[in-house]
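Going by my numbering, the sequence shown opens with residue 2, and the numbers climb by one from there. For every residue, glycine included, the Cβ atom is placed at its ideal position computed from N, Cα and C. Every value quoted in this text rests on a predicted model; they were computed, and no experiment measured them. This report concerns only the one structure given below.
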Amino acid sequence: MEAEVRERLGKLLHKKNWLLVSDRDGTLAPYTVDPAASRMPASTVKTLAALAELPDTHVALLSARSITFLLTDIGDAPITLAGSYGTEILYPDKQRITEPGVLPFKNAFESLRLKLREILPAARTIIDDNELSICLHYHLTPPEMMPEVEREVDKIAAEFPILRRRRMATSVEFLPDFDWDKGRGLARVTEHFNLADDKDTFFLFAGDTEADEPGFEYVLSRGGTAVRVGNQFSGHKDYSCDNPEVAGQLFQQLLAIRSPEKFKELHASLSF
Numbered sequence: 002m003e004a005e006v007r008e009r010l011g012k013l014l015h016k017k018n019w020l021l022v023s024d025r026d027g028t029l030a031p032y033t034v035d036p037a038a039s040r041m042p043a044s045t046v047k048t049l050a051a052l053a054e055l056p057d058t059h060v061a062l063l064s065a066r067s068i069t070f071l072l073t074d075i076g077d078a079p080i081t082l083a084g085s086y087g088t089e090i091l092y093p094d095k096q097r098i099t100e101p102g103v104l105p106f107k108n109a110f111e112s113l114r115l116k117l118r119e120i121l122p123a124a125r126t127i128i129d130d131n132e133l134s135i136c137l138h139y140h141l142t143p144p145e146m147m148p149e150v151e152r153e154v155d156k157i158a159a160e161f162p163i164l165r166r167r168r169m170a171t172s173v174e175f176l177p178d179f180d181w182d183k184g185r186g187l188a189r190v191t192e193h194f195n196l197a198d199d200k201d202t203f204f205l206f207a208g209d210t211e212a213d214e215p216g217f218e219y220v221l222s223r224g225g226t227a228v229r230v231g232n233q234f235s236g237h238k239d240y241s242c243d244n245p246e247v248a249g250q251l252f253q254q255l256l257a258i259r260s261p262e263k264f265k266e267l268h269a270s271l272s273f
């Protein structure tokens, strides 16, 4: 970490309020062949839960995953879950907010998932169904079948012009076609906790891909810290972590600074 960043962090960490927000996959949880099998390490979940229990400290996951899936990670820990890029948010007090702009797209996703399932068996594609977005993975698809899969995907996509399609190296993601990103999702969380105009708040956002760039920009514009995990994207950052395990250790360090007693309790629980 550069000296300038270390100096600024030293000042930020003593702020009254903390808002710690992180992407999930590739940031706190390792990627898996089958996205449904992905799990956050228990030590990371315990660390985030311990942070979230502290006064004036808010912890959130901001992910493409659905709230339903995120709940399998954190259980009853008081962590804010901003699923589907923050278009659906479940707060620790059980208040659940859905961005009105996504509501017209729900029926389209119902129909889309049925269409995509028709091309699953033979092509060895995997549907990552996040309720308000769907990602079709084809990293297991035999190369000779890819032209057929791409034709089928193009054909299906043409039936849903109200959905946006984003192509990646080994997948294609379908999203609601309206103006939204993780920066806006992060803004919703900030506003909920009345921190938008607060000058005594430490903002941190961690992510690993280009989709996280709006989140980085949001915290940096407020004097916060951007944490990039891995090497998939070289966008704005203050601090780099090699992988999700190291990112989990970073949050443990934050816990040790915020509450040495809580950190000792966590360390003892992880020793068994």
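*May I have a chain-ordered list of the beta strand (DSSP E) segments no shorter than 3 residues that lie completely inside the stretch 109-183?*
Taking 3 residues as the minimum length, the beta strand (DSSP E) runs contained wholly in the stretch 109-183 are 127-130, 135-138, 164-169, 172-177, in order along the chain.
*According to DSSP, is F273 helix, strand or coil?*
Bear in mind that a pLDDT of 44 at F273, under 50, signals an unreliable position, so the number given afterwards is only what the model happens to contain. Reduced to three states, the DSSP call for F273 is coil.
*Smallest Cα separation from K1: which of A269, S260, L271, F264?*
This structure cannot settle anything about residue 1, because the visible part of the chain is limited to 2 through 273.
*asked:* Comparing C-alpha positions only, which one of R152, A109, E145, E149 sits nearest to S134?
replied: A109
*Note the first and the last residue of the continuous beta strand (DSSP E) segment covering I90.*
89-91
*G249 by DSSP, collapsed to three states: which one?*
Reduced to three states, the DSSP call for G249 is helix.
*Indicate whether F206 and H59 have their beta-carbon atoms separated by less than 7 angstroms.*
no
_Taking the alpha carbon of A186 as the reference point, which residue from T33, V22, L113, A170 has its own alpha carbon closest?_
With the sequence shown as reference, residue 186 is identified as Gly, and Ala is not the correct amino acid for it. That would be V22, whose Cα lies nearest to the Cα of G186.
*If you compare alpha carbons, which of L13, K200, W19, L29 is closest to V230?*
L29
*Does the stretch 209-228 come within contact of the stretch 101-116, defined as at least 3 CB pairs closer than 8 angstroms?*
no
*Do you know how far the Cα of D35 is from the Cα of F204?*
32 angstroms
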